[in-house]
Amino acid sequence: MSDSATDLLLTNQQITLECRNVTYRPKSKSLKEDILKDVCGKFIPGRLTAILGPSGAGKTTFLNVLSGFKDTGVGGSILTNGTSRRLTEFRKISSYIPQQFAMLDKLTVVETLEASADFKLGLRTKKSFKEKIISEIINLLNLEKCTHTLVEGLSGGEKKRLSIGIELVTNPPIMFFDEPTSGLDSVSSLQVITYLQSLAHSGRTIVCVVHQPSSRLLNLFDDLLVLSAGEVIYNGSQHDMVKCFQNDGFSCPNYYNPADYAIEVASREHGSDLSSLIASNKSKFCDDSNIQLDVKVEENSIVLNGFTKTEKCKNYKDKGGYAKAYPATFAEQFAIITRRSMRSMVRDMLTVQMRVIAHVFIAVLLGVVFYNVGNDAAKVLSNVSCLFFMLMFIYFANSMPIVLTCPLETQVFLREHLNNWYSLRAYFLAKCAADIPLQFLCPTLFVAIAYYLTGQPNEVSRFLMFWAICLLMGAVGQGVGLFCGCSFGMNLSVFLVPVSSIPMMIFCGFFIRFNELPECLQPLTYVSYFRYAFEGSIQAIFGYNRPDLECNIAFCYYKTTTKFLQELDMTGDLFEWDVIVLASWIVVLQIALFISLIVKVKLSQ
1 MSDSATDLLL
11 TNQQITLECR
21 NVTYRPKSKS
31 LKEDILKDVC
41 GKFIPGRLTA
51 ILGPSGAGKT
61 TFLNVLSGFK
71 DTGVGGSILT
81 NGTSRRLTEF
91 RKISSYIPQQ
101 FAMLDKLTVV
111 ETLEASADFK
121 LGLRTKKSFK
131 EKIISEIINL
141 LNLEKCTHTL
151 VEGLSGGEKK
161 RLSIGIELVT
171 NPPIMFFDEP
181 TSGLDSVSSL
191 QVITYLQSLA
201 HSGRTIVCVV
211 HQPSSRLLNL
221 FDDLLVLSAG
231 EVIYNGSQHD
241 MVKCFQNDGF
251 SCPNYYNPAD
261 YAIEVASREH
271 GSDLSSLIAS
281 NKSKFCDDSN
291 IQLDVKVEEN
301 SIVLNGFTKT
311 EKCKNYKDKG
321 GYAKAYPATF
331 AEQFAIITRR
341 SMRSMVRDML
351 TVQMRVIAHV
361 FIAVLLGVVF
371 YNVGNDAAKV
381 LSNVSCLFFM
391 LMFIYFANSM
401 PIVLTCPLET
411 QVFLREHLNN
421 WYSLRAYFLA
431 KCAADIPLQF
441 LCPTLFVAIA
451 YYLTGQPNEV
461 SRFLMFWAIC
471 LLMGAVGQGV
481 GLFCGCSFGM
491 NLSVFLVPVS
501 SIPMMIFCGF
511 FIRFNELPEC
521 LQPLTYVSYF
531 RYAFEGSIQA
541 IFGYNRPDLE
551 CNIAFCYYKT
561 TTKFLQELDM
571 TGDLFEWDVI
581 VLASWIVVLQ
591 IALFISLIVK
601 VKLSQ
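Going by the UniProt record's numbering, the first residue of the sequence shown is number 1, and it counts up by one from there.
This is the structure we're talking about:
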């Protein structure tokens, strides 16, 4: 690795994390009490700490506050090595692995780790150096057998270990885990906690929320923090907890799981007065005179990334010595996200393969049903129905699949963005760029087949005009799907996309002419993107002085295209205006999507 290329620096610093009188109240009018109430505690490097407590005690909330994922509505002090935590810098040296760790299903284990290494080390870091890191992580977490397995094919334990490996790329000195054993059997749970213990004993500060650990799992933890209704009743060595409870009148029976008993005490099953335990913990950790930084690291440390236990924290600095916002540059972030998105998209049966097949199949079906109606004056109305159906299919074929895949990608984005991998702007632009090939390919295949099978005018200019309208309509559909999927989730979006599209179709001029609408409803036609797509397609096929159509029967009412355009109230050269409005709709939807992502990030903090 070239120092000048990456400027990657090491420190021998280990992080002791303290919290003093920490409170938290979400911005909700219905909640009038704090979820966390004067929480005090300390987390020491080299020791694995478990947060215990009954449901509703505030365990996950406390972990979110401690890790910096929630920073609004938080009071009190959080210290790192005795100084106030600076959140921006703290996120660079810490990692948070939530209970539901979202990953892209269509990437393999090694590809997922490679993406993490690229984001955290930048593309300028030598590939051989990153490969060495990834190889060590795979060996450490026993993932050799599934190196080239897609994430969707991993077992629960393998996914948990992979989620740990993703964050180990930069060897962070502080790691947070929210219920790492959730959904795992006893053997997999023991493996995961054993790995975490090994990582902690190599010098890291590791904090886990654990729900009712067995006695065997409990013995793997060095320290415990027990919460009861948002207050700490114990924080200290696991072996001292039973004695501490006994001193306050809570005697744990022999051969009883201490974790179960601690949760029962926190639930007030053995007495409702916990004030003595709470006061004892506050005097221990909230009084400066009693704070002791007795950091002890076991000698059986694990060497990772080629560094020993005294070389834990990696900081990214620019040439001036100041920390950058993200390890990778904006251009690198854009390139990594684009490459990863396209690789994942190509492997997705629904997103790519089935969409391409569906476009080809429906195009052929349309060609058979509406064969050669495009130049037949007796079948003008059938041709118009054909054109409208083309637009409707392209719209829904580009909006509905996105609704199904967008929520998962949004979860991945939130996790990676909040862990300081890349900026929102880089993600947004890269996703737009990654979708361009598919947005171009599917409508092009569809139009190329259906246009000529249905006998539309054999003129290059008209073909290009209709093709442009279909491309724009596909982009509008994609924008609607992305916005709804990101903002409302899959279940609600599957309902919202069709329902929100119905008014747009009603006021497009196909079902009822504009001049036949009540005057109070006519303004609604100007906001319907289906109107401009339908109008643009009619102009492409029938407008711009198209010659009279062929009539193979005695009389054809719409032999003259001008008469037909008058019937639809679409006279004049409106194509350019239709293109402008559709393009404006695309811009509006993309802006709405960007704002939605911003809101998602804000609500997650």
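No residue lacks a Cβ here, since even glycine has one placed at the ideal position from N, Cα and C.
For residue 96, DSSP records a beta bridge to 176.
When the five nearest sequence neighbours on each side are left out, the beta carbons in the same chain lying within less than 8 Å of the beta carbon of residue 151 are those of 103, 104, 105, 106, 107, 108, 109, 112, 159, 162, in order along the chain.
Burial check for residue 503: the Cβ neighbour count within 10 Å stays below 16, so the residue is exposed. According to the DSSP secondary-structure assignment, residue 208 is paired through a beta bridge with 50, 177. CA-CA distance, residue 247 to residue 98, rounds to 35 Å. Contact annotation: residue 171 and residue 232 have beta-carbon atoms that are not nearer than 7 Å. Residues of the same chain with a CB within less than 8 Å of the CB of residue 389, apart from the 5 flanking positions on each side, are 366 in chain order.
Residue pairing of residue 43 in beta bridges, as defined by DSSP: 17. Note on the region 480–554: whole alpha helix (DSSP H) runs with a minimum of 4 residues are 529–542, in chain order. A straight-line Cα-Cα distance of about 46 Å links residue 90 and residue 580. Not a single unbroken stretch of the beta strand (DSSP E) spanning 3 or more residues falls wholly within the region 387–412.
For the set 153, 378, 100, 578, the Cα lying nearest the Cα of residue 559 is the one of 378. Here residue 183 is exposed. Its C-beta has fewer than 16 other C-beta atoms within 10 Å. Within a 10 Å sphere around the beta-carbon of residue 84 sit fewer than 16 other beta-carbons, which makes this residue exposed. For residue 78, the enclosing beta strand (DSSP E) starts and ends at 74–80. With contacts defined as CB atoms closer than 7 Å, residue 345 and residue 352 qualify as a contacting pair.
Cβ neighbours of residue 430 within its own chain (closer than 6 Å, five residues either side excluded): 334, 337, 338.
In this chain, the alpha helix (DSSP H) harbouring residue 157 covers 156–168. By the Cβ neighbour-count rule, residue 82 is exposed, with fewer than 16 other Cβ atoms within 10 Å of its own. Of 399, 328, 478, the smallest CA-CA separation from residue 115 is found for 328. In the three-state DSSP reduction, residue 223 falls in the strand class (E or B). Counting C-beta atoms within 10 angstroms of its own C-beta, residue 56 has fewer than 16 neighbours from the protein chains shown and is therefore classed as exposed. Nearest C-alpha to residue 441 among 409, 410, 475, 263: 475. In the three-state DSSP reduction, residue 459 falls in the coil class, being neither helix nor strand. In this structure, DSSP gives residue 37 an extended state, which the three-state scheme calls strand.
In this structure the region 448–455 does not lie against the region 183–200, because fewer than three pairs of beta carbons, one per stretch, are closer than 8 Å. Shown here, residue 236 sits in a strand according to DSSP, grouped into three states. Under the three-state reduction of DSSP, residue 280 is assigned to helix. For residue 23, the secondary structure class from DSSP, reduced to helix, strand or coil, is strand. Distance from the Cα of residue 530 is smallest, within the candidate group 562, 469, 482, for 469. Rounded to whole angstroms, the Cβ separation of residue 51 and residue 208 is 7 Å, and the two are in contact under 8 Å. In the displayed model, residue 574 falls within coil according to three-state DSSP, outside both helix and strand.
If you draw a straight line from the Cα of residue 463 to the Cα of residue 95, it comes to about 53 Å.
Shown here, residue 596 sits in a helix according to DSSP, grouped into three states.
Using a Cβ distance threshold of 7 Å, residue 227 and residue 235 do not count as a contacting pair. Between residue 153 and residue 347, the alpha-carbon positions lie close to 13 Å from each other.
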